[in-house]
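Q:
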Amino acid sequence: MQPYLTPKKSRKPYPYGQFNSCFLLLRLIIIEHMQKTERLVAITLLLQARGKMTAQRLAEILGVSTRTIYRDVIALSLAHVPVSMEYGPGGGYYLPDDYHLESAIFTREEAISLILSTDMSGTYNLFGGDGDLQRALMKLESVLSDDYRKDVNAARERLLYDTSAWRDSNNHTSGTHLETLRTAVLGANQLEILYPYHACTETSPGAIIWRRVEPYGLVFQSISRRYARTGRWYLVAFCLGCQAFHTFRVGYIEQVYVRSEEVTPRPNFNLRAYWCEACKQLERTRPPLNLVLRVSPAARYGLKGNTMVLKEEHDGSVIVRVETESSEEAVAYALSLGPDAIVVSPEQIREAVAANAQAIVDMYKPCRHSHCS
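Residue 373 is where the sequence shown ends in the numbering used here, and the numbering goes up by one at each step.
Structure below.
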């Protein structure tokens, strides 16, 4: 057995670099956008967990070309990871049996990000469905220092990734203040947030006021397993004004400041239990906005979301009812169908869609100004 590559003295070892501690949580489960540093760690963990693997198999799992795998193996060798190559039938890349990925190469933030990715990547079975990568990451967790392990456990209690969507909708991750919120949640610091009208205040609807809260967790609510990257972030916090827990949608937070005061310890609070109850309460109290559309024959079988056919027309078109969460979502849903759908009701949604469509037409009208050409 010969090592695949002996690093040249003139070359510097490949640096692992710094992970983005927040968005690594998402990037590790989005294989087609996996960054090189993350991919190198994934290759090492896969070889450690599964043993001998070919470049073709690694490329299939990680969603890249075999040429990319070849370059990654060279980078690993330059980083002094002892990847070896066995040629011939049954051959492939492998690591020595006594090799272990040292936890000391990771910072506190990197360790938290990698370990938390176990829970998130396991949800989607992106690595063959047998849990090999998840088991390897668990082994990495087992060799962490006590301080690091405490931080990982604390992060697990405060970051929740919920894949059971309420309804299919056209929403996107809101990350404007996400990094600041994550820092406050993991650091257990109080926050000042500028947020619209909420049930915990006596302010008239539509007002935007400052609220002082104690953050206890962040939750990502995905639309579905298929559309895992689409969803909303929510902040679960204790409002010091009304002395009660509330759920704040991150996308609605206009400004946020981290305070020096620490969050009051609440040993009996459980983020997962709170979130489950909040979802049940929302389903019980929030009436859906029913959107009625006339859909063309070409688009009737491609409709998404909670839909019901009310009537079939002679020309092949159908009248359907679509459950949406808000007027904003209803307008976006209708516009996404373009000329293949006409809003029948509600009237305010019909008018809003027409206004948006007219605005699009106006944007494409001939313009005499030079910047329009």
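We put the CB at the ideal spot given by N, CA and C, even for glycine.
None of the values given here were measured: they were computed from a predicted structure.
Among S84, V185 and I349, which one has its Cα closest to the Cα of S260?
A: Counted from its first residue, the sequence shown places residue 260 at position 260. When only C-alpha atoms are compared, the closest one is V185.
Q: Could you tell me which residues DSSP pairs with N189 in its beta bridges?
A: Indexing the sequence shown from 1 puts residue 189 at position 189. Per DSSP, E262.
Q: If the criterion is Cβ atoms closer than 9 angstroms, does the pair L293 and V331 meet it?
A: As a working note, residue 293 is residue 293 in the sequence shown. As a working note, residue 331 is residue 331 in the sequence shown. No, the pair does not count as a contact, with Cβ atoms beyond the cut-off.
Q: My output table needs one value for C242: the three-state DSSP class, helix, strand or coil.
A: If you number the sequence shown from 1, residue 242 lands on position 242. Reduced to three states, the DSSP call for C242 is coil.
Q: What number of angstroms, rounded off, separates the C-alpha of W275 from the C-alpha of Y87?
A: To locate residue 275, count along the sequence shown from 1; it is residue 275. To locate residue 87, count along the sequence shown from 1; it is residue 87. About 52 angstroms.
Q: With G51 and Y94 assumed to form a contact (beta carbons below 8 angstroms), what rounded beta-carbon distance in angstroms separates them?
A: The residue given as residue 51 occupies position 51 in the sequence shown. The residue given as residue 94 occupies position 94 in the sequence shown. G51 to Y94, Cβ: 6 angstroms. Contact.
Q: Take K36 as the anchor and find which of G63, W210 and D315 has the nearest alpha-carbon.
A: Within the sequence shown, residue 36 is the residue found at index 36, counting from 1. Checked all of G63, W210 and D315; the closest Cα to K36 is G63.
Q: Quick one: is V309 buried, meaning 16 or more other Cβ sit within 10 Å of its Cβ, or exposed?
A: Here residue 309 refers to the residue found at position 309 when the sequence shown is read from its first residue. Under this definition V309 is an exposed residue.
Q: Among L47, P297, L58 and V318, whose alpha-carbon lies nearest the alpha-carbon of V83?
A: Along the sequence shown, one-based indexing puts residue 83 at 83. The residue with the shortest Cα to Cα distance from V83 is L47.
Q: On the DSSP bridge assignment, give the partners of M308 in chain order.
A: On the sequence shown, residue 308 is found 308 positions in, with the first residue counted as 1. According to DSSP, which records beta bridges pairwise, M308 is partnered with R321.
Q: Excluding sequence positions up to five away, which residues of its chain have a Cβ less than 6 angstroms from the Cβ of P196?
A: By one-based count along the sequence shown, residue 196 stands at place 196. These residues qualify, in order along the chain: I208 and Y252.
Q: What residue range does the beta strand (DSSP E) around M85 cover?
A: Start at 1 with the first residue of the sequence shown, and residue 85 comes out as number 85. Run containing M85: S84 to E86, per the beta strand (DSSP E) assignment.
Q: DSSP on G92, reduced to helix/strand/coil?
A: Position 92 of the sequence shown, counted from the first residue, corresponds to residue 92. The answer is strand: DSSP assigns G92 an E or B state.
Q: Assuming R211 contacts I193 under a Cβ cut-off of 8 angstroms, what Cβ separation, rounded to an integer in Å, is found between them?
A: By 1-based counting over the sequence shown, the position of residue 211 is 211. By 1-based counting over the sequence shown, the position of residue 193 is 193. That pair is a contact at about 5 angstroms.
Q: CB of E313 to nearest heavy atom of the ligand MN: below 8 angstroms?
A: The model on display carries no ligand, and the ligand MN is accordingly not part of it.
Q: Output the distance between the C-alpha atoms of E254 and Y301, rounded to the nearest integer angstrom.
A: Working through the sequence shown from its first residue, we reach residue 254 at position 254. Working through the sequence shown from its first residue, we reach residue 301 at position 301. Spanning the two alpha carbons is a distance of roughly 39 angstroms.
Q: Quick one: grab the DSSP three-state call for I360.
A: Residue numbering aside, residue 360 sits at position 360 when the sequence shown is read from its first letter. If DSSP states are grouped into helix, strand and coil, I360 belongs with the helices.
Q: Quick one: Cα of S326 to Cα of P339, how far?
A: By 1-based counting over the sequence shown, the position of residue 326 is 326. By 1-based counting over the sequence shown, the position of residue 339 is 339. Their Cα atoms are separated by approximately 22 angstroms.
Q: Identify the residues that DSSP records as bridge partners of V292: which are they?
A: For the purposes of this step, residue 292 is taken as residue 292 along the sequence shown, with counting starting at 1. Paired residues: R321 and S345.
Q: Kindly give me the distance between the Cβ atoms of T324 and L282, rounded to whole angstroms, as I take these residues to be in contact under 8 angstroms.
A: Against the sequence shown, residue 324 aligns to sequence position 324. Against the sequence shown, residue 282 aligns to sequence position 282. No, T324 and L282 are not in contact; Cβ-Cβ is about 14 angstroms, not under 8 angstroms.
Q: Mark Y364 as exposed unless 16 or more other C-beta atoms lie within 10 angstroms of its C-beta, in which case mark it buried.
A: Here residue 364 corresponds to residue number 364 of the sequence shown, with the count starting at 1. Exposed, because fewer than 16 other Cβ atoms sit within 10 Å of the Cβ of Y364.
Q: As a quick exercise: from I61, F220, V236 and Q221, pick the residue whose alpha carbon is nearest that of E214.
A: Within the sequence shown, the letter at position 214 stands for residue 214. The shortest Cα separation from E214 among I61, F220, V236 and Q221 belongs to V236.
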